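Student: Going by this note's numbering, the first residue of the sequence shown is number 5, and it counts up by one from there. The beta carbon of each residue, even a glycine, is placed where N, CA and C say it ideally should be. No experiment lies behind these values; they were computed from the predicted model shown. Just passing along the structure, written as structure tokens.
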Amino acid sequence: MVTKKEIAEHLGISRTAVSLVLNNTPSSTISNETRHKILQAAKELGYRDIEVSPKLCYVLYDRDANDPRYMVDLQIMEAKASDFNYGLVFLNISSDPLSLNKLHKYLDNQEIEGYILTGDVDDNLLELFRNSNTPYIFYGMPLRAQEEINFIAFDDRTLALHATEYLFSLGHTRIALFMGSLDYEIHQLNLEGFRNAHEKNGIPLDKSLIQISNDENGYELCKRTDLLQLKPTAIFCVNTVIQFGALQYLQSTGVSVPNDISLVGSGLSELVKVSSPQLTTYYVSAEKKATTVSMLLEIINNRNAKETVSSRITEFERFAGGTASLRKP
Numbered sequence: 005m006v007t008k009k010e011i012a013e014h015l016g017i018s019r020t021a022v023s024l025v026l027n028n029t030p031s032s033t034i035s036n037e038t039r040h041k042i043l044q045a046a047k048e049l050g051y052r053d054i055e056v057s058p059k060l061c062y063v064l065y066d067r068d069a070n071d072p073r074y075m076v077d078l079q080i081m082e083a084k085a086s087d088f089n090y091g092l093v094f095l096n097i098s099s100d101p102l103s104l105n106k107l108h109k110y111l112d113n114q115e116i117e118g119y120i121l122t123g124d125v126d127d128n129l130l131e132l133f134r135n136s137n138t139p140y141i142f143y144g145m146p147l148r149a150q151e152e153i154n155f156i157a158f159d160d161r162t163l164a165l166h167a168t169e170y171l172f173s174l175g176h177t178r179i180a181l182f183m184g185s186l187d188y189e190i191h192q193l194n195l196e197g198f199r200n201a202h203e204k205n206g207i208p209l210d211k212s213l214i215q216i217s218n219d220e221n222g223y224e225l226c227k228r229t230d231l232l233q234l235k236p237t238a239i240f241c242v243n244t245v246i247q248f249g250a251l252q253y254l255q256s257t258g259v260s261v262p263n264d265i266s267l268v269g270s271g272l273s274e275l276v277k278v279s280s281p282q283l284t285t286y287y288v289s290a291e292k293k294a295t296t297v298s299m300l301l302e303i304i305n306n307r308n309a310k311e312t313v314s315s316r317i318t319e320f321e322r323f324a325g326g327t328a329s330l331r332k333p
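Dropping the structure here:
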């Protein structure tokens, strides 16, 4: 078996440098050129002690590391990166300066080829990468994003419109909207789509049915709607976390889903299939999400290009689930 010492001798460099690179040790003293030479030599000579493939990094920003909405996406990105012989590092970062410092260290060490950035993106993160020479792409930005950055955006307004119209097609006209804070553009777009569906179909909108929870607590939103006696026959939830919480409340109070109330959500997280009944949702296909990795690799291979790269996803699929049905008379 080839050793680190033999790799060092083959390249005519220090064994310490080889160890730092092959052990993935953070070190700003190893140049990119030397790092690539070491990784290439390790592959060619048959070094097998550790994984020596180049790395991408999936950064989840200002969201809980176990948030089910992002874990499915992480698995999709990891599988696609593997197709191109890249490894994927997961990094959970908050906006706290101490946490952000961890990301700064990764950037300074230059041991990651490129970054996929998602979560509750703010101006600090945008500025950090806009001014960075490191290849990156922001994933899941709202469609209205016009920043001079690399991004892949989802048309959340159209998704909300389709989901609401689907409930109309099932005979529901009194539909509630459960959503998070309007400080986030994604929720503003959800609201626009919900309103547009009513206008397009000539159905009056009861504004009392628009319910907001800053902590995206579907259980409490459903409880509030119940106590206010708003009596919707269906609910569009802007994500599966809210939808799952709403289902738990309805089931705890003896309300049958979908016989009494239908629920439609957004996304295809692990909650969709572990739920009973399974959640009915609109979502972006794994194939379209995986193009994020392909776009990032194009950016890496053309890192001197001045133009930003972007993609806008406007097509969605429906997972039938079992939480939506025809309105009962």
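Are the CB atoms of Thr327 and Leu272 within a distance shorter than 8 angstroms?
Tutor: No, these two residues do not count as a Cβ contact at 8 angstroms.
Student: Starting from the Cα of Leu187, find the closest Cα among Asp219, Ser173, Asp159 and give me that residue.
Tutor: It should be noted that the sequence gives Asp, not Leu, for residue 187. Minimum Cα distance to Asp187 is reached at Asp219.
Student: Measuring CB to CB, does Asn122 end up less than 8 angstroms from Tyr143?
Tutor: Sequence inspection shows Thr at residue 122; the Asn mentioned does not correspond to that position. Contact: yes.
Student: Given Phe133, which residues of its chain have a CB within under 6 angstroms of its CB, disregarding the five upstream and five downstream residues?
Tutor: Correct list, in chain order: Tyr140.
Student: Would you kindly check if the distance between the Cβ of Arg73 and the Cβ of Thr244 is under 8 angstroms?
Tutor: Contact flag set, yes.
Student: With a cut-off of 8 angstroms on the beta carbons, I'd call Ile3 and Leu15 a contact; round off their distance for me.
Tutor: Since the first residue shown for the chain is 5 and the last is 333, residue 3 is missing from the structure and cannot be characterised.
Student: Express the C-alpha separation of Pro333 and Thr296 in angstroms, rounding to a whole number.
Tutor: Those two C-alpha atoms are separated by around 45 angstroms.
Student: Going along the chain, which residues of its own chain have a beta-carbon closer than 7 angstroms to the beta-carbon of Pro101, five neighbours each way excluded?
Tutor: Within the same chain, Pro101 has no close Cβ partners at all.
Student: Based on the DSSP output, what are the partners of Pro101 in its beta bridges?
Tutor: None, per the DSSP bridge assignment.
Student: Can you list, in chain order, the residues of its chain whose CB lies under 6 angstroms from that of Met183, leaving out five sequence neighbours each side?
Tutor: Correct list, in chain order: His191, Asn194, Ile216, Val242.
Student: Our contact map puts Ala21 next to Leu60 with C-beta atoms below 8 angstroms; I'd like the distance itself, whole angstroms only.
Tutor: About 23 angstroms; that fails the 8 angstroms criterion.
Student: What are the boundary residues of the alpha helix (DSSP H) that includes Arg331?
Tutor: Note, Arg331: premise wrong, no alpha helix (DSSP H); not H, not E.
Student: What's the C-alpha gap between Ile116 and Phe248?
Tutor: When rounded, the distance between both Cα atoms is 36 angstroms.
Student: Have a look at Leu209 and Ala164 and give me their C-alpha separation to the nearest angstrom.
Tutor: If I take the Cα positions, the gap works out to 15 angstroms.
Student: If we ignore side chains and look at the alpha-carbon of each, how far apart do Leu283 and Ile17 end up?
Tutor: Approximately 57 angstroms between the Cα atoms of the pair.
Student: Which class does Tyr65 belong to by DSSP, given the choice of helix, strand or coil?
Tutor: Residue state, collapsed to three classes: strand.
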